[in-house]
Amino acid sequence: MEEILKMRNLKAYYFTREGVIRAVDNVSLSISRGELLGLVGESGSGKSSLGLSIVRLIPPPGRIVDGEIIFRKMDLLKLPEKELRNIRGKHIGMIFQDPLTSLDPLRKIGDQLIETIIVHTRVNKEEAKEIALRALERVGIAPDRFDDYPHQLSGGMRQRVMIAMATMLNPDLLIADEPTTALDVIVQSRIMDLLSDLKRSMKMAILLITHDLALVIERSDRVAVMYAGELCEVGSSEKVSQEPLHPYTQLLLESIPNVEKPRTKLIYIPGSPPDMMNPPAGCRFWPRCPKVMNMCKSIPPRPLELDGRMVRCHLYNGGLESGG
Amino acid sequence: MTSLKVFVIARLLLVIPTILLLVSLVFFIMRVMPGDPVIAIVGMKAPPERVLELRKALGLVDESGNPIPLPIQYLNYLANLFRGDFGRSLIWGKRPVLVEIMEHLPATIELAIAGFLVSIILGVALGTLGGWKGGKTNSAVKIYSAITYALFIPWIGMMFQLLFAVWLKVLPVGGRIDPGLEPPMITGLYLLDSILTGRWDSFVSALRHIILPSLTLGLVISGIFSRVARTSVEEVMRQDFVIAARARGIPEHRLVIHVLRNAFIPIMTMMGLQLALLMTGAILTETTFSWPGMGTFLFERIEYRDYTTVQGTVVFFAIIISLINLVVDILYAYIDPRIRY
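Residue numbers (our numbering), protein chains in the order written: chain C, 1 to 324; chain V, 325 to 665.
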């Protein structure tokens, strides 16, 4: 399948007064046309920073330090701001966690859709309105909502509007940052159905950023697990869910409550995520890892290619120093 | 009926009790102030006929000299106001207060508009710049706000007079227009009237005279605007929709309009509030630049203890300010659909 986006050794750091936070550290990841890639991680693992880095919108004092982001044969990190602006919203769509605050509260949703179309294409207002109405129809919003203000819509409807806005210009890539976290379970499932439909019908690549591993396993083609700014495992949803390699992924999977096995103890991962300003030496997960070895505490594991997957763990290079 | 129309009607009805409360307050405050106003005006040694005459003029006693009870005085006062009768001046020909106000009002309105424009342009532009750029620009705007807010109008006015009128000799020291160039009266605003009648010499003269006073007044008020604009732009910039709009590829020059519109409610509240300050500021500015407006007028009549004129002017201002607040509230609802409850 055609790779639509390829990140290589991406580093995005926040330079705060207290120190440097390595939110995204040496991340390499690619996503193909028509693929739904789930990026999972705890709060503060750097997954949202990764999403924002792709379109170079990481807020100050954050900055992309190194790496490359190849999108349709262009390096987004080397593109002038003006050309990048044309890619944002047209070729790469983005939706956010809170659909209420992601819309300008003072303008009708229709006007916001039209504005986005007009800045990216050469159509007039009438044609833009037609495109906008069609996009709303595709996400299941009635045309009479066109002149509504954001506060007049429900949470689920607002997220549909956001999706319509992000996908109406047929982008190659949709970055969805926690798109369902602020919504209830039923609405969440409908929004995910909608994203799956769009992926199929428009051959769109979707990067789904979430903390919800169960959702990712259920919905995505591939899974990338992020911990403390690094990817610790990447593989197909099937393989990752059935035979997780990294101890962190294993613990995450075990901690998903299962309704079919009642009265089992709720499993959780002991400890707390590392201080990103001073991450542990060696593997960043070792203080919480049940399978920790001596070398984990001093030598950072390299990413290993194994069985069509990536894993960053010393368990899989026979305990030998360095490897892939 | 649309929700905006309902809001406007409800808000209009609310003006009636507001103005009633304001004019009542003025009435009772004037009555509880210590000292006899009549004695204060004419002095202890005035002949009794003069004192009686004044008491009649003030509505304190009836034709035969018997004191009128306070509730009746109050009702008379309200009835007169309702008819548009603000009383008559106690000095110089005893002209109706409203006529005198109307003679001086256009000069103040002209100065207030010019000063307000200066302050909004300076304040909102600098504040937006600071909030938008952040960092060092933001700190510079902070310092600007603090300094201009602390300026004393007569002092900065005199500095301008010294620099532009005395040393550089490019602008007049004071006054409103060169003598003899007054344009024919249409609105009373010299700049507007001279344009309407095509009197360009009057226009240039009026413009030259208004520059320094409006700059003085505008500069001082711009400090508050830049402060409010800066903090509210900063706050809006932190909201998700800004990053969402950037992620849609909305160019910065369009985004700034979205941000400003969202930041505008606090700025507009401040504008409404500042109009009151503008009036006090106008008094100081007018006396500094011998500007023949309400400020100079009120200042002069307080000195002469022209009791009815002062009371009438205060009531007039109270009504004007409550009407300004009405307009501001309606503008809110127009800008922010969430306010139309």
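Backbone N, C-alpha and C define an ideal beta-carbon position, used for all residues, glycine too.
Source: prediction; values computed, not measured.
Whole-angstrom distance between residue j and residue i, CA atom to CA atom
i, j, result
"T540(V)", "T342(V)", "32 Å"
"G89(C)", "H120(C)", "8 Å"
"Q250(C)", "M202(C)", "34 Å"
"I415(V)", "Y628(V)", "8 Å"
"L213(C)", "L253(C)", "7 Å"
"P257(C)", "I31(C)", "29 Å"
"L79(C)", "R500(V)", "57 Å"
"L231(C)", "V27(C)", "6 Å"
"G308(C)", "G235(C)", "7 Å"
"R312(C)", "A228(C)", "13 Å"
"A381(V)", "F410(V)", "12 Å"
"H577(V)", "P99(C)", "24 Å"
"W524(V)", "D517(V)", "10 Å"
"A642(V)", "V339(V)", "12 Å"
"L579(V)", "S255(C)", "43 Å"
"T633(V)", "I545(V)", "28 Å"
"G167(C)", "R56(C)", "The displayed chain sequence assigns Thr, not Gly, to residue 167(C). Rounded to the nearest angstrom, the two C-alpha atoms are 19 Å apart."
"P60(C)", "T611(V)", "49 Å"
"R532(V)", "G498(V)", "10 Å"
Residue i, enclosing alpha helix (DSSP H) - first and last residue
i, result
"F440(V)", "421-457"
"N649(V)", "631-659"
"S529(V)", "524-561"
"T511(V)", "It is not in any alpha helix (DSSP H) - T511(V) carries neither H nor E in the DSSP assignment."
"V571(V)", "Contrary to the premise, residue 571(V) reads as Ala rather than Val in this sequence. Unbroken alpha helix (DSSP H) run through A571(V): 564-571."
"G288(V)", "Lying before the first or after the last residue shown, residue 288(V) is absent from chain V, which here runs from 325 to 665."
"E42(C)", "Here E42(C) belongs to no alpha helix (DSSP H), and DSSP marks it neither H nor E."
"A164(C)", "155-167"
"E35(C)", "Premise fails: E35(C) is in no alpha helix (DSSP H) and is neither H nor E."
"L402(V)", "394-406"
"S49(C)", "47-54"
"E627(V)", "618-627"
C-beta neighbour in chain V for residue i, strict 7 Å
i, result
"S102(C)", "yes"
"G62(C)", "no"
"H91(C)", "no"
"A85(C)", "One point to set straight first is that residue 85(C) is Arg, not Ala, in the sequence displayed. By this cut-off, R85(C) is an interface position."
"R145(C)", "no"
"L10(C)", "no"
"V240(C)", "no"
C-beta neighbour in chain C for residue i, strict 7 Å
i, result
"R662(V)", "yes"
"A674(V)", "What the structure shows of chain V is the stretch from 325 to 665, and residue 674(V) is not part of that stretch, so it cannot be assessed."
"Q635(V)", "no"
"H582(V)", "yes"
Coarse secondary structure for residue i, derived from DSSP in three states
i, result
"T101(C)", "coil"
"R17(C)", "coil"
"D111(C)", "helix"
"E81(C)", "helix"
"M483(V)", "helix"
"K90(C)", "coil"
"L304(C)", "strand"
"D177(C)", "strand"
"Y268(C)", "coil"
"S298(C)", "coil"
"G323(C)", "At G323(C) the pLDDT is 40, less than 50, meaning the model places this residue with poor confidence; the figure from the coordinates comes in the next sentence. Here G323(C) sits in coil by DSSP."
"P143(C)", "helix"
Any non-hydrogen atom of the ligand PLP closer than 6 Å to residue i Cβ
i, result
"A657(V)", "Looking for the ligand PLP in the displayed structure turns up nothing, as the structure carries no ligands at all."
Residues near residue i by beta carbon distance below 6 Å, same chain, minus five either side
i, result
"I480(V)", "T540"
"L5(C)", "I31, F71, L173"
"G542(V)", "G439, V442, S443"
"K47(C)", "L39, G41, I209, M226"
"L133(C)", "P143"
"I217(C)", "S237, S241"
"G19(C)", "M277"
Run of the beta strand (DSSP E) containing residue i, from where it starts to where it stops
i, result
"D66(C)", "62-71"
"R309(C)", "309-311"
"T210(C)", "205-210"
"V223(C)", "222-227"
"E233(C)", "230-236"
Nonlocal neighbours in the same chain, by C-beta distance under 8 Å from residue i, ignoring five residues either side
i, result
"T181(C)", "Q97, T210, H211, D212"
"V385(V)", "L376, R379, P391, I392"
"L429(V)", "G512, G617, M618"
"A164(C)", "L113, A132, A135, L136, R138, V139, I141"
Sequence-distant residues of its chain with Cβ nearer than 7 Å to residue i (five each side left out)
i, result
"V65(C)", "K11, A12, Y13"
"I672(V)", "The structure shown does not extend to residue 672(V), since chain V is modelled only from 325 through 665, so no value can be given for it."
Partner residues on chain D for residue i, Cβ-Cβ distance less than 9 Å
i, result
"N586(V)", "Looking for chain D here will not work: the only protein chains present are C and V."
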